[in-house]
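These notes concern the structure reproduced below.
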Amino acid sequence: MGNNDQSILLYAMKLGSKVIIKFLIDYYACIDFTKKHEIFYLISNSKWKHTELFEYFAKYNTKNFNSESLKTIISCNRLDLLKILVENHLDVNIKDEKGFTLLAFALKIHKHQIIDYLIKCGADT
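For what it's worth, numbering that gives the first Met the number 0 labels the leading residue of the sequence shown as 0, then goes sequentially.
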């Protein structure tokens, strides 16, 4: 959208308009997870204990979270967001293009709480 190539949904998120964001999600708007800045903005916009929009987005778009966006969530140590995705039927055994799972990635970067959680959810290495 416009010169900076941002989606309408991302623009609404930057404005902080919950009504517009929910409307867009209801009508199948989604974040372009091939653009790292969009997933990072969604994560950083979901402040601790203020995850309402992330929850709403995850409810309708869990299948759109790819391994790279999930790695970003793990790198940011956002167990709260990972739990929301798992509650909305995220496959904890999703693999990246090299065949590595989320658990393998969490082990590599020493995210112990996330490792424990993924194991409890039945994740494979």
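From the three backbone atoms N, C-alpha and C, an ideal C-beta is built for every residue, glycine too. Bear in mind the structure is a predicted one, so any value in this text is a computation, not a measurement.
Candidates the options: closest to residue i by CA position
i     : options                : result
Glu54 : Tyr10, Asn65 and His88 : His88
Ile38 : Lys21, Asp95 and Lys70 : Lys70
Beta-carbon proximity of residue i to residue j, cut-off 9 Å
i      : j      : result
Leu81  : Tyr116 : yes
Thr100 : Ile108 : no
Leu52  : Lys13  : no
Leu102 : Ile114 : yes
Ile104 : Asp90  : The sequence shown places Phe at residue 104, not Ile. No, Cβ-Cβ distance for Phe104 and Asp90 is not below 9 Å.
Length of the line joining the Cα atoms of residue i and residue j
i      : j     : result
Ala28  : Leu8  : 7 Å
Asn2   : Lys58 : Low local confidence applies: a pLDDT of 48 at Asn2 is under 50, so the model's placement there is unreliable, with the coordinate-based value given in what follows. Cα to Cα, the separation comes out at about 30 Å.
Thr50  : Ile72 : 13 Å
Asp123 : Ser6  : 35 Å
Leu106 : Cys75 : 14 Å
Gly98  : Ser68 : 15 Å
Residue i Cβ short of 8 Å to the ligand GDP heavy atom set
i      : result
Tyr116 : For the structure depicted, the ligand GDP is absent and the ligand set is empty, with no information on it obtainable.
Distance between beta carbons of residue j and residue i, contact taken as under 8 Å
i     : j     : result
Phe64 : Ile24 : 14 Å between Cβ atoms; not a contact.
Arg77 : Ile42 : 6 Å
Checklist entry - Which full runs of the alpha helix (DSSP H) of 4+ residues lie inside the segment 18–101, going along the chain? => result 35–44, 51–60, 66–74 and 78–86
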